[in-house]
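**Q** So that you can map any letter, position 194 of the sequence shown is 194 in the numbering used here, and since no number is skipped, the others follow by simple counting.
All residues carry an ideal CB built from backbone N, CA and C; glycine is no exception.
A quick note: this is a predicted structure, and the numbers were derived from the prediction, not measured.
Sharing a structure with you now.
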Amino acid sequence: MSQNSACPHFPFPRQEPGRPADELLDLLRPGPLARVTLPSGDPAWLAVRYEDAVAVLTDPRFSRNLRYPGAPRLLKGYDLSDEPNSLINMDAPEHTRLRRLLAGTFTPRQTDGWRNAIRAVADDLLLTEVKAGEPIVDLTTFAVLYPVSVICAILGVKELDIAKVRSMSCALLSTADVSEEERRQASLDFHNYAAELVAEQRRSPGGGLLTQMIQARDDGDRLSERELVRLTVSLILAGHETTSSLLTRGLVRFLEPRSGYAALVEAPESIPGVVEELLRTETPGDALFMRVATEDVDLPSGRVRRGEAVLPVSSAANFDPEVFPDPRRVDPARSGHPHLGFGRGPHYCLGANLARVELQEAFRALVARLPNLALAEPASAVPWSQGHLFKRPERLLVHLGDAPA
């Protein structure tokens, strides 16, 4: 596919904060793949229909290795795709080897065993907010502290420097606000920070996942040191960004209009189904990670030729009316095709089960502890992140109301 200045530029501007752009939803009409120009200036295909996105995510002929000379780029210069030791950038067999090391950690049974501890974290953080006595609070603080506290417990580390982690994460996930040099420096800083955590854990082993990973490195030699450190970075980065974004996005939707939140208060048993719909409709990013075809591949909507880039656009595929009838409606009883909020195929989100439990327990704690929660400003006044891979509210001011003791 050659460069064409007539190709629309992706990502498309959003008419409503946090919602898929109208252009993406328009592309869901039966037709060919959509050709666009990326922020880097490189051309790519958008796989917006559900069956096309699934095909890209599951076909081994689409590779995550974008580090060869002349490879298509999402952004100009350095970005997350440049790190060879990152799990998200690997193909089989290296990817399979590392996934296997962590496969038993995030199973439904394992994560459900953490449920009570996760519930306690959510409740304790909200109780702290209530005891502070402030009538209006910014719940983005809770949305950040909560998943960070959970990932600390799972890794077996005492605490993380939250301000530092957030700063590094924002720089790494930025698409416009920082320079290539700043992204590269953030990656180096994150690597050094994770290396310090690993060194501290070696000096004082705990009982968490990080100790298990260190043992896989030191005793079994199943991990290189760089792989160990990069896995630690990935677990910290993925372990808080998505959950934090989904929590704040979900609260904006449920509190405007407030009837959505009131329904959760009245029927907390619906929360698991609501969380699945939240994962479908509130995907924080426009698309999952870009792939490149290693040979010509015929997708349901057209051909992608060898060397061409394709983006599986989950934010559009999850609204495909051929798969999800009345896709804009949040239906806790919806069944059938699974959403693509966690991807599909070999790169299916490793922490999907953990994220589900975290979101379920966060909303259970919220409706139990703060049944009268309400927005303190109109939803239209809530500022959303710009120039970031994850779209999320940057401020969420709420009235706590009268909270149960």
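Give the secondary structure of His339 by DSSP, where H, G and I count as helix, E and B as strand, and everything else as coil.
**A** As a first step, residue 339 must be located in the sequence shown, where it is residue number 339. The answer is coil: DSSP assigns His339 none of H, G, I, E or B.
**Q** Report all residues from its chain with a CB closer than 7 Å to the CB of Arg306; omit the five preceding and five following residues, and keep chain order.
**A** In the sequence shown, counting from the first residue as 1, residue 306 sits at position 306. Counting only Cβ-Cβ distances below 7 Å, and skipping sequence neighbours, we find Ala293, Thr294, Glu295 and Asp296.
**Q** Out of Leu209, Glu181 and Val229, point me to the one whose CA is closest to Ala199's CA.
**A** The residue labelled residue 199 in the question sits at position 199 within the sequence shown. The shortest Cα separation from Ala199 among Leu209, Glu181 and Val229 belongs to Val229.
**Q** Which residue comes first and which comes last in the beta strand (DSSP E) that contains Arg253?
**A** Within the sequence shown, residue 253 is the residue found at index 253, counting from 1. Careful: Arg253 lies outside any beta strand (DSSP E), inside the alpha helix (DSSP H) at Glu225 to Leu255.
**Q** Would you list, in sequence order, the uninterrupted beta strand (DSSP E) runs of no fewer than 3 residues that lie entirely inside the segment 261 to 309?
**A** With a minimum length of 3 residues, the continuous beta strand (DSSP E) runs that stay inside the segment 261 to 309 are 291 to 293, 297 to 299 and 302 to 304.
**Q** What are the uninterrupted segments assigned as alpha helix (DSSP H) that are 4 or more residues long and contained completely in the segment 53 to 123, given in chain order?
**A** Taking only runs of at least 4 residues, the alpha helix (DSSP H) segments lying wholly in the segment 53 to 123 are 94 to 102 and 108 to 113.
**Q** Where Glu394 and Cys349 are concerned, what is the direct C-alpha to C-alpha distance, given to the nearest angstrom?
**A** The count along the sequence shown starts at 1 and reaches residue 394 at position 394. The count along the sequence shown starts at 1 and reaches residue 349 at position 349. Going from the Cα of Glu394 to the Cα of Cys349 covers about 24 Å.
**Q** Spell out the partners DSSP gives His9 in its beta bridges.
**A** On the sequence shown, residue 9 is found 9 positions in, with the first residue counted as 1. Paired residue(s): Thr37.
**Q** Between which two residues does the beta strand (DSSP E) carrying His399 extend?
**A** As a working note, residue 399 is residue 399 in the sequence shown. Residues Leu397 to His399.
**Q** Rounded to the nearest angstrom, what separates Cys363 and Ile271 at their Cα positions?
**A** Within the sequence shown, residue 363 is the residue found at index 363, counting from 1. Within the sequence shown, residue 271 is the residue found at index 271, counting from 1. Position check: residue 363 holds Phe in this sequence, whereas Cys was assumed. Distance between the alpha carbons of Phe363 and Ile271: 7 Å.
**Q** So the beta strand (DSSP E) Pro43 belongs to, where does it begin and stop?
**A** The residue labelled residue 43 in the question sits at position 43 within the sequence shown. Per DSSP, Pro43 belongs to the beta strand (DSSP E) from Pro43 to Ala47.
**Q** Only counting the same chain, and skipping five residues up and downstream in sequence, which positions put a Cβ closer than 7 Å to that of Thr452?
**A** The question about residue 452 has no answer, for the chain in this structure spans 1 to 405.
**Q** Say whether the segment 67 to 86 touches the segment 24 to 42, bearing in mind that this needs 3 or more beta-carbon pairs closer than 8 Å, one atom from each stretch.
**A** Short answer: they touch.
**Q** Less than 7 Å between the beta carbons of Leu389 and Gly285, yes or no?
**A** The sequence position of residue 389 within the sequence shown is 389, counting from 1. The sequence position of residue 285 within the sequence shown is 285, counting from 1. Yes, Cβ-Cβ distance for Leu389 and Gly285 is below 7 Å.
**Q** Only counting the same chain, and skipping five residues up and downstream in sequence, which positions put a Cβ closer than 6 Å to that of Arg100?
**A** Taking the first residue of the sequence shown as position 1, residue 100 is located at position 100. Correct list: empty, nothing qualifies.
**Q** Per DSSP, which residues does Leu311 bridge with? Please list them.
**A** The count along the sequence shown starts at 1 and reaches residue 311 at position 311. Looking at the DSSP assignment, Leu311 forms a beta bridge with Leu46.
**Q** For Val137, does the three-state DSSP call read helix, strand or coil?
**A** As a position in the sequence shown, residue 137 is number 137, starting the count at 1. The answer is strand: DSSP assigns Val137 an E or B state.
**Q** If Leu247 and Ala143 are in contact, beta carbons under 8 Å, what's the gap, nearest whole angstrom?
**A** For the purposes of this step, residue 247 is taken as the residue at position 247 of the sequence shown. For the purposes of this step, residue 143 is taken as the residue at position 143 of the sequence shown. About 4 Å; that satisfies the 8 Å criterion.
**Q** For Glu94 and Leu87, I'd like the C-alpha separation in whole angstroms.
**A** As a working note, residue 94 is residue 94 in the sequence shown. As a working note, residue 87 is residue 87 in the sequence shown. So the two alpha carbons sit approximately 9 Å from each other.
**Q** Report yes or no: is there a C-beta of chain B within less than 7 Å of the C-beta of Glu51?
**A** Annotation note: the requested chain B is absent from the structure, which comprises a single protein chain.
**Q** According to DSSP, is Thr128 helix, strand or coil?
**A** The residue labelled residue 128 in the question sits at position 128 within the sequence shown. The answer is helix: DSSP assigns Thr128 an H, G or I state.
**Q** Rounding to the nearest angstrom, what Cα-Cα distance links Tyr46 and Ser385 in this structure?
**A** The count along the sequence shown starts at 1 and reaches residue 46 at position 46. The count along the sequence shown starts at 1 and reaches residue 385 at position 385. Rather than Tyr, the amino acid found at residue 46 in this sequence is Leu. In a straight line, the C-alpha of Leu46 is about 23 Å away from that of Ser385.
**Q** For the alpha helix (DSSP H) containing Glu322, name the first residue and the last one.
**A** Counting from 1 along the sequence shown, the entry for residue 322 is found at position 322. Taken as a continuous stretch (DSSP letters only), Glu322 belongs to no alpha helix (DSSP H), as it is neither H nor E.
**Q** Report yes if the C-beta distance between Met168 and Ala194 is below 7 Å; otherwise report no.
**A** The residue labelled residue 168 in the question sits at position 168 within the sequence shown. The residue labelled residue 194 in the question sits at position 194 within the sequence shown. Not closer than 7 Å, so no.
**Q** For Ile154, which option in Phe190, Ala92 and Leu235 has the closest C-alpha, if you only look at C-alpha atoms?
**A** Looking up residue 154 in the sequence shown gives position 154. The shortest Cα separation from Ile154 among Phe190, Ala92 and Leu235 belongs to Leu235.
**Q** From the DSSP output, in three-state form, read off Ser179 for me.
**A** Residue numbering aside, residue 179 sits at position 179 when the sequence shown is read from its first letter. Looking at Ser179 - three-state DSSP - the assignment turns out to be coil, as it is neither helix nor strand.
**Q** Can you list, in chain order, the residues of its chain whose CB lies under 6 Å from that of Val265, leaving out five sequence neighbours each side?
**A** To locate residue 265, count along the sequence shown from 1; it is residue 265. Once the five neighbours on either side are set aside, the close Cβ partners of Val265 are Val367 and Pro371.
**Q** Does the beta-carbon of Arg329 have 16 or more other beta-carbons within 10 angstroms, so that it is buried, or is it exposed?
**A** As a working note, residue 329 is residue 329 in the sequence shown. The residue is exposed, with fewer than 16 neighbouring Cβ atoms inside 10 Å.
**Q** Between Thr111 and the rest of its own chain, which residues show a CB-CB distance below 8 Å, the 5 nearest in sequence each way excluded?
**A** Numbered from 1 along the sequence shown, position 111 holds the residue referred to as residue 111. Closer than 8 Å at Cβ, skipping near neighbours: Asn353, Leu354, Arg356 and Val357.
**Q** For Leu210, which three-state DSSP category applies?
**A** As a first step, residue 210 is located in the sequence shown; it is residue number 210 there, counting from the start. DSSP places Leu210 in helix when its eight states are reduced to three.
**Q** When you compare each of Gln15, Gly273, Asp161 and Pro147 to Ala117 by their alpha carbons, which one comes out closest?
**A** As a first step, residue 117 is located in the sequence shown; it is residue number 117 there, counting from the start. The candidate whose alpha carbon is nearest that of Ala117 is Pro147.
**Q** Rounded to whole angstroms, what is the Cα-Cα separation between Asp59 and Thr105?
**A** Locating residue 59 in the sequence shown gives position 59, where the first residue counts as 1. Locating residue 105 in the sequence shown gives position 105, where the first residue counts as 1. Cα-Cα distance, rounded: 26 Å.
**Q** Under 8 Å Cβ to Cβ from Asp52, same chain only, skipping five residues before and after it: list those, please.
**A** One-based indexing of the sequence shown puts residue 52 at position 52. Here the set comprises Leu33, Leu299, Pro300, Ser301, Pro312 and Ala317.
**Q** If you run the structure through DSSP and keep just helix, strand and coil, what is Pro371?
**A** Here residue 371 refers to the residue found at position 371 of the sequence shown. Coil, per DSSP.
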